[in-house]
Amino acid sequence: MPDVLLLLAQIAGILVVARLVGRIIGLFGQPQVVGEMLAGILLGPSLLGWIAPDVWLALFPPASLGFLSALSQIGLVFFMFLVGLELDPRHLRGRGHTALLTSHASIIAPFLLGALLALLLYPRLSDDSVEFTAFALFMGAAMSVTAFPVLARMLAERGLLKTRLGAVAIACAAVDDVSAWCLLAVVAVVARAGDAAVPLPMMFGGVLLYAAVMLTVVRWGLARLQRVVDRRGELSQDAVAFVVFFILASALVTERLGIHAVFGAFLAGAVMPRDEKITGALLDRFHDLMVILFLPLFFAFTGLRTSVQLISGDLWAWCAVVILVAVAGKVGGSAIAARASGLTWREGWALGTLMNTRGLMELVILNVGLDLGVISPALFAMMVLMALATTLMTTPVLERIYPEAATRA
Amino acid sequence: MRHLLSYLALVGIPLLGLLGVLRLGEHLRAPAAVHGAYTLTLAAPGDPCLAGDFARDGARIVIAQSGPIVQVRLGGPAGLELRGRTDAGTLRASGPLPHRRPTGCVADSVAFAATVTRTPEAWLLAGSLRPVPCDSCAPVPIAGVLPRHAAGAEAR
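Protein chains in written order, with this note's numbering: chain A, 1 to 409; chain B, 1001 to 1156.
Structure below.
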């Protein structure tokens, strides 16, 4: 039985610290999400557990973390549904060769650099229970992800959505998102193949079959939901309950198939009818609860798993290399491709900077990697710092190379 | 044509490079895995410094591993946390004893040495704990087992 008082105290403490740090970091022009990521680390063994171990152990005793973990996982499943729901296929169409080349290059360049880095990190930070292929593919996927929601918010805040740069950035981030989740699904299958009772080709086959059924039969079936909403003019409670059931069932299937539950939730969101009434109503009902309650819990749980003390000695140098490679791959790859497809160098660097925002998406991928056992605790801590650094640097760097005044000119 | 060439240069060539990296990495060797939550099957404290609940039968010894670096945790929140390295299945780690030490304990830290033998059914840990500095203290033998299906799962 959970200690309800302790769980309530944990949740309350997390929410207060997350809002507080979010507000403080907002004073420096950073998005709230950066503050919440930081709050998670502050509440973990890296800071609170280090400066006040007794207080930390009293607030987060190891035996209690299972409940916090369960809440954070449920939140993550619903958040990934929203990510899939907000994925608009119109972002992917009609952008021509600029978006095609830039988005593919902005994935493959950091992916290649991540895999190259894996050659150096595998003997140093992994072990022989993980295949090099799974490790390298994971490093590549983790390096190539972009935080679509943060990027979209930044573009909107700066009035860049209607510009050429904004249009290309949105298209690239959407392609990156879909590609990163597909790649991660492949990594999950490869990583779990050794332990699973079913052979690798059957696991791949199962995942592909499930995706195909979702994208065809289930999508067609969900069109009925559209008709019900059209008839009634609103999304009823029964319909919302059905959507919740659908999300959980899809998450359950992908977890059972050997990949992570988040893939099922993402797929459930991606196949929902693209009707403003449905997506708008679902976002209205889920969004605030997600942003105010569940995401801070997820950040806190990530922080509780992050022990910066594991990075010591020459591992700090490797941590710097991880951050450099992440920035070089994403910024450089996107900028060069953007220039090659007709954007100016300034637009190219701005695009690269925007694409370098990893934020929450990176933390989701890292937690999946740690759950799968593909990355070690020390590498997890390094990658969390990389996610934080790349997200933190976006606003000031963009301000410098693409000032708002220049965008209005 | 220019776009096709750009695409080949910026996407095609890196993709080939990626395939090359994956092939190259197949020959790499990482340190032997020892991580996981072992259940102690032998714990004979016999030493006042090691009389805590971390050295009793049935207690758990959790090894987290990052390459050759290991973090060893014995017992619950008030247990021992040791850091060290592993090389070819041999572990060496050390760390401080808890602040509130039992009477009769003169040591201030603990040294841990063990080997992990990996069999198809389970991973077997055999080693010892020794309070330091303490010339008169004998190493306390410990042994643990990690069923194969759980190997590596919990410590990560």
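All residues carry an ideal CB built from backbone N, CA and C; glycine is no exception.
Can you list, in chain order, the residues of its chain whose CB lies under 6 angstroms from that of residue i, leaving out five sequence neighbours each side?
{"i": "W56 of chain A", "result": "L48 and G49"}
{"i": "G303 of chain A", "result": "G40, I41, L43 and G44"}
{"i": "P1068 of chain B", "result": "P1031, R1085 and T1086"}
{"i": "M361 of chain A", "result": "V145 and A147"}
{"i": "S129 of chain A", "result": "none"}
{"i": "G114 of chain A", "result": "M139, G140 and M143"}
With 16 as the cutoff for other CB atoms within 10 Å, does residue i come out buried or exposed?
{"i": "D371 of chain A", "result": "buried"}
{"i": "Q1065 of chain B", "result": "buried"}
{"i": "D288 of chain A", "result": "exposed"}
{"i": "T390 of chain A", "result": "buried"}
{"i": "V217 of chain A", "result": "exposed"}
{"i": "T102 of chain A", "result": "buried"}
{"i": "D1135 of chain B", "result": "exposed"}
{"i": "A284 of chain A", "result": "Correcting the residue type first, residue 284 of chain A is Asp in the shown sequence and not Ala. Result: exposed."}
{"i": "V1021 of chain B", "result": "buried"}
{"i": "V1106 of chain B", "result": "exposed"}
{"i": "A249 of chain A", "result": "exposed"}
{"i": "Q1071 of chain B", "result": "buried"}
{"i": "R1073 of chain B", "result": "buried"}
{"i": "V207 of chain A", "result": "buried"}
{"i": "S236 of chain A", "result": "exposed"}
{"i": "S312 of chain A", "result": "exposed"}
{"i": "H1035 of chain B", "result": "buried"}
{"i": "F138 of chain A", "result": "buried"}
{"i": "G258 of chain A", "result": "buried"}
{"i": "P296 of chain A", "result": "buried"}
{"i": "H1027 of chain B", "result": "exposed"}
{"i": "D177 of chain A", "result": "buried"}
{"i": "P1131 of chain B", "result": "buried"}
{"i": "E157 of chain A", "result": "exposed"}
{"i": "D127 of chain A", "result": "buried"}
Less than 8 angstroms between C-beta atoms, sequence neighbours within five positions excluded: which residues of the same chain meet that for residue i?
{"i": "L155 of chain A", "result": "L161, G166, A169, I170 and L354"}
{"i": "Q226 of chain A", "result": "P273, D275 and I278"}
{"i": "W316 of chain A", "result": "none"}
{"i": "L38 of chain A", "result": "V21, I25 and L388"}
{"i": "R1029 of chain B", "result": "none"}
{"i": "T1041 of chain B", "result": "D1057, A1143, G1144 and V1145"}
{"i": "A1114 of chain B", "result": "T1090, L1091, L1125, A1126, G1127, S1128 and I1142"}
{"i": "T306 of chain A", "result": "G40, I41, G44, P45, S46, F380, A381 and V384"}
Over what stretch of residues does the beta strand (DSSP E) that includes residue i continue unbroken?
{"i": "D1087 of chain B", "result": "L1080 to D1087"}
{"i": "P1096 of chain B", "result": "T1090 to P1096"}
{"i": "F1112 of chain B", "result": "S1109 to R1118"}
{"i": "P1131 of chain B", "result": "A1122 to V1132"}
{"i": "V1070 of chain B", "result": "I1069 to L1074"}
{"i": "G1144 of chain B", "result": "V1140 to P1147"}
{"i": "V1062 of chain B", "result": "R1060 to S1066"}
By the DSSP assignment, the alpha helix (DSSP H) with residue i in it spans what residues?
{"i": "V384 of chain A", "result": "P377 to I401"}
{"i": "G66 of chain A", "result": "L65 to E86"}
{"i": "P1014 of chain B", "result": "I1013 to G1025"}
{"i": "N367 of chain A", "result": "G359 to L372"}
{"i": "Q32 of chain A", "result": "Q32 to L43"}
{"i": "G332 of chain A", "result": "That residue, G332 of chain A, is in no alpha helix (DSSP H); it is neither H nor E in DSSP."}
{"i": "A58 of chain A", "result": "P53 to L59"}
{"i": "M154 of chain A", "result": "F148 to E157"}
{"i": "R448 of chain A", "result": "Missing from the structure shown is residue 448 of chain A; chain A here goes from 1 to 409 and no further."}
{"i": "R1029 of chain B", "result": "Here R1029 of chain B belongs to no alpha helix (DSSP H), and DSSP marks it neither H nor E."}
{"i": "T163 of chain A", "result": "Note, T163 of chain A: premise wrong, no alpha helix (DSSP H); not H, not E."}
{"i": "T344 of chain A", "result": "Counting along the chain, T344 of chain A falls outside any alpha helix (DSSP H), and DSSP gives it neither H nor E."}
{"i": "S1006 of chain B", "result": "R1002 to Y1007"}
In chain C, what lies closer than 7 angstroms to residue i by C-beta?
{"i": "I1069 of chain B", "result": "In the structure shown, chain C does not exist; the protein chains are A and B."}
Which residues in the same chain as residue i place their Cβ atom closer than 7 angstroms to its Cβ, once the five residues preceding and following it in sequence are excluded?
{"i": "A134 of chain A", "result": "V187, V190, A191 and V374"}
{"i": "A350 of chain A", "result": "L165, L398, I401 and Y402"}
{"i": "T1039 of chain B", "result": "G1058, R1060, G1144 and V1145"}
{"i": "L215 of chain A", "result": "V271"}
{"i": "S1109 of chain B", "result": "S1094, G1095, P1096, L1097 and V1132"}
{"i": "Y122 of chain A", "result": "F132 and F135"}
{"i": "Q30 of chain A", "result": "L392 and T395"}
Below 7 angstroms, is the gap between the Cβ of residue i and the nearest heavy atom of the ligand COA?
{"i": "L315 of chain A", "result": "For the ligand COA, the structure offers nothing, since it holds no ligand at all."}
Residue ranges of each alpha helix (DSSP H) within the region 273-318 of chain A, 4 or longer: 276-289 and 295-305
Contact set between the region 1016-1041 of chain B and chain A, restricted to residues whose Cβ is under 9 angstroms from the partner: G1017, L1018, V1021, L1022, L1024, G1025, E1026, H1027, L1028, R1029, A1030, P1031, A1032, A1033, V1034 and H1035
Residues, ordered as in the chain, of the region 366-378 of chain A that lie near chain B by beta-carbon distance below 7 angstroms: L370, G373, S376, P377 and A378
Contiguous alpha helix (DSSP H) assignments of at least 4 residues, all confined to the region 173-242 of chain A: 200-213 and 219-232
Interfacial residues, the region 1104-1115 of chain B to chain A, with Cβ spacing under 9 angstroms: none
Members of the region 1003-1014 of chain B that neighbour chain A once the beta carbon cut-off is set at 7 angstroms: H1003, S1006, Y1007, L1010, V1011 and P1014
Short-range partners of chain B found in the region 116-130 of chain A, where Cβ spacing is below 9 angstroms: L116, A118, L119, L121, Y122, P123, R124, L125, S126, D127, D128, S129 and V130
The region 336-353 of chain A: positions lying closer than 9 angstroms to chain B by Cβ: I336, A337, A340 and S341
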